[in-house]
Amino acid sequence: MNTDRHAIVRVIGVRKTFTMGKVEVEALKGVDLEIFAGEYISIMGPSGSGKSTLFNMIGGLDKPSDGKVFIDEVDISQLDAYELAWLRNRKIGYIFQTFNLIPVMTALENVTLPMTFAGMNEDEARDKGMELLELVGLAKRHHHKPLELSGGQQQRVAIARSLANDPAIILADEPTGNLDLTTGEEAIELLRSLSQDRGVTIISATHDYKMLNVSDRVVWIRDGMVDRVEKREELDISVGGIGETAGAEA
Amino acid sequence: MEKRVFGPEGKGGVRRAIVLPWSKSLEISFKSLRVRFFRSMITVSSLVLAVSFLSFVLSSLNVAEGVLASGGADAAKRLLDAGYDVQVDAGTVAMTPKERWIVFLSMLVCAVGIVNAQLMSVTERFREIGVMKCLGALDAMVLRLFLLEAAMQGLAGSLAGALLGALFASLTGWIRFGWDALAFMPASGFALSVAISVGGGLMLSLAGVLYPAVVAARMRPINAIRAEH
Ligand SMILES: Nc1ncnc2c1ncn2[C@@H]1O[C@H](COP(=O)(O)OP(=O)(O)OP(=O)(O)O)[C@@H](O)[C@H]1O
Ligand SMILES: [Mg+2]
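As given, the protein sequences belong to chains F and R, one line each in that order.
Residue numbers for the first sequence, in our numbering: 1360 to 1609.
Residue numbers for the second sequence, in our numbering: 7 to 235.
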């Protein structure tokens, strides 16, 4: 990884404090992180370590109590409502752990909604939506509502939706958290191919060690702070047994 | 090959292009109502009742005017005896203060009911709204979707209510005063009563959704996304 690569995400001294009544919880205690364009980053850490919180900061879904997040060197706290909406709509694809599909819409409608917001006409959107559903292997189920699909299928619809407007960054919060082994591997493979073939930057919070094999770097978070950052090469050694298949991947 | 966010021009390259065409808004609102048909029916039913009462009172006055036109002084006495507020010279019949008060109260109760039902609908759809906002929906779009839904509910409910009330007023008029009351009834006045009722119901529906819709539009997506954890 050469150092002159473009930093697509730059997190500088980000803190986040939640106040619940009189109790203050410091979820992030000063995180610094640089993510380069086209990278596949996994954020690992125990439950409650602040992964989702960091994820929300990077995605512009929440504001840091202190510190700054830059996307393409633009401070996202300076964006107005339109620019933020544009960012969420066109440039960042979100995959949530709980899928967050819209229950009253069919799979296809869920996938095409961001395209509609982006001003794409209906026919084009339908074609592209079907293409994306095809990509995740669900073209035949396009008229089903989320509740008529299995967890894994819903997650695949969510992945298709995240790709709707060809985002530059995909933020995935535990994308395999609700999937079984096989579908989990399929989802990971899909994300990997996106990062490799399309140059999409993938940032994924995860508990899933399968993810490590495909990540360029792994950011270990502990207690609201970055514990260490490892490149894949180093990982093979440190994770050892768990990274068995890494050799085949690399 | 790397994808950039803002491109080489930086933030200047951001086009302010988040849209939701009217046709699509209508489609989404309509589907949303259809999916939650039962809940929509409950919201609408209180409106139907209030509007049909308004329409009943207004068109009963038209019927009474019909009686007045058909029977002259004798009819005026009958109407006065029946408790109507008759202006014999002008040939018109007005609402009694008591009727006015009851109509006002029924509209008020209905408005409160609509606010309540719509607030519940917003709470129910918290997550859905949050997801839309995560996908780029602007506050104004969320507001528009709720207003459109309320307009559709308002229009359907008011139409049903107004026709129901007018029909009922005609029916009671016919039973009480005979066929002449309807035959001599001023048609334009009757149409106006129905129109006023429809318009009033629509306004009521829109007024009732205003606050809930603003709550929905202002909601921060992060709260909705987190809601389940
Ligand atoms: N909105 C909030 N209000 C109060 N506390 C919060 C809020 N969001 C997060 N926290 C707290 O911040 C800490 C970090 O939470 P976060 O959701 O980021 O953890 P996580 O690493 O994503 O955990 P998991 O792996 O279980 O998803 C936790 O202690 C949590 O209780
Ligand atoms: Mg989390």
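By construction, the Cβ of each residue, glycine as well, lies at the ideal position given by its N, Cα and C atoms.
Since the structure is predicted, the reported quantities are computational estimates derived from the model, not experimental observations.
Give me the chain F residues within the contact set of residue i, using Cβ-Cβ distance strictly less than 7 angstroms, ordered along the chain.
i: valine 128/R; result: Going along chain F, no residue has its Cβ under 7 angstroms from valine 128/R, so there is no contact; the nearest lies around 15 angstroms.
i: phenylalanine 12/R; result: Asp1431 and Val1433
What are the boundary residues of the beta strand (DSSP E) that includes residue i?
i: leucine 1530/F; result: 1528–1532
i: lysine 1499/F; result: Taken as a continuous stretch (DSSP letters only), lysine 1499/F belongs to no beta strand (DSSP E), as it is neither H nor E.
i: methionine 1403/F; result: 1399–1403
i: isoleucine 1435/F; result: No beta strand (DSSP E) contains isoleucine 1435/F, which DSSP labels as neither H nor E.
i: threonine 1475/F; result: Element bounds for threonine 1475/F: not the beta strand (DSSP E) but the alpha helix (DSSP H), 1466–1476.
i: glycine 1452/F; result: 1451–1454
i: alanine 23/R; result: Per DSSP, alanine 23/R belongs to no beta strand (DSSP E) and is neither H nor E.
Are there any heavy atoms of ligand 2 lying less than 7 angstroms away from the beta-carbon of residue i, as far as the coordinates show?
i: alanine 1386/F; result: no
i: alanine 1564/F; result: yes
i: aspartate 1532/F; result: yes
i: glutamate 1375/F; result: What sits at residue 1375/F in the sequence shown is lysine, not glutamate. Not under cutoff, so the answer is no.
i: serine 1411/F; result: yes
Does any C-beta atom of chain R lie closer than 8 angstroms to the C-beta of residue i?
i: isoleucine 1461/F; result: yes
i: asparagine 1361/F; result: With a pLDDT of 48 at asparagine 1361/F, under the threshold of 50, the modelled position of that residue is not reliable, and the figure given next carries that caveat. It does not; no Cβ of chain R falls within 8 angstroms.
i: isoleucine 1528/F; result: yes
i: arginine 1374/F; result: no
i: phenylalanine 1455/F; result: yes
i: aspartate 1482/F; result: no
i: asparagine 1415/F; result: yes
i: asparagine 1537/F; result: no
i: glycine 1606/F; result: The predicted model places glycine 1606/F with a pLDDT of 42, which falls under 50 and marks its position as unreliable; any figure quoted below should be read in that light. By this cut-off, glycine 1606/F is not an interface position.
Let me see if you follow: with CB-CB separation under 8 angstroms, is residue i close to chain C or not?
i: valine 220/R; result: As a matter of chain content, chain C is missing from the structure shown, whose protein chains are F and R.
Is residue i close to chain F? Criterion is C-beta to C-beta, closer than 8 angstroms.
i: glutamate 155/R; result: no
i: phenylalanine 43/R; result: no
i: phenylalanine 110/R; result: no
i: alanine 201/R; result: no
i: arginine 133/R; result: yes
i: leucine 141/R; result: yes
i: phenylalanine 36/R; result: no
i: aspartate 87/R; result: no
i: isoleucine 228/R; result: yes
i: valine 148/R; result: no
i: isoleucine 231/R; result: yes
i: lysine 30/R; result: yes
i: valine 137/R; result: yes
i: alanine 223/R; result: no
Give the DSSP bridge partners of residue i, in chain order.
i: valine 1588/F; result: Val1578/F
i: glutamine 93/R; result: Thr98/R
i: arginine 1369/F; result: Glu1393/F and Phe1429/F
Output the boundary residues of the alpha helix (DSSP H) element that contains residue i.
i: glycine 206/R; result: 193–224
i: isoleucine 135/R; result: 132–140
Please compile the residues from chain R whose C-beta is within a distance smaller than 7 angstroms of the C-beta of residue i.
i: glycine 1478/F; result: Ala23 and Val25
State yes or no: is the C-beta of residue i nearer than 7 angstroms to some heavy atom of ligand 1?
i: lysine 139/R; result: no
i: lysine 1381/F; result: no
i: arginine 1581/F; result: no
i: arginine 232/R; result: yes
i: serine 1408/F; result: yes
Given that residue i touches chain F, what residues does it touch there, using C-beta distances under 9 angstroms?
i: leucine 144/R; result: Ala1440, Tyr1441, Ala1444 and Phe1476
Using a C-beta to C-beta distance shorter than 9 angstroms, which residues of chain R count as neighbours of residue i?
i: proline 1473/F; result: Leu141 and Gly142
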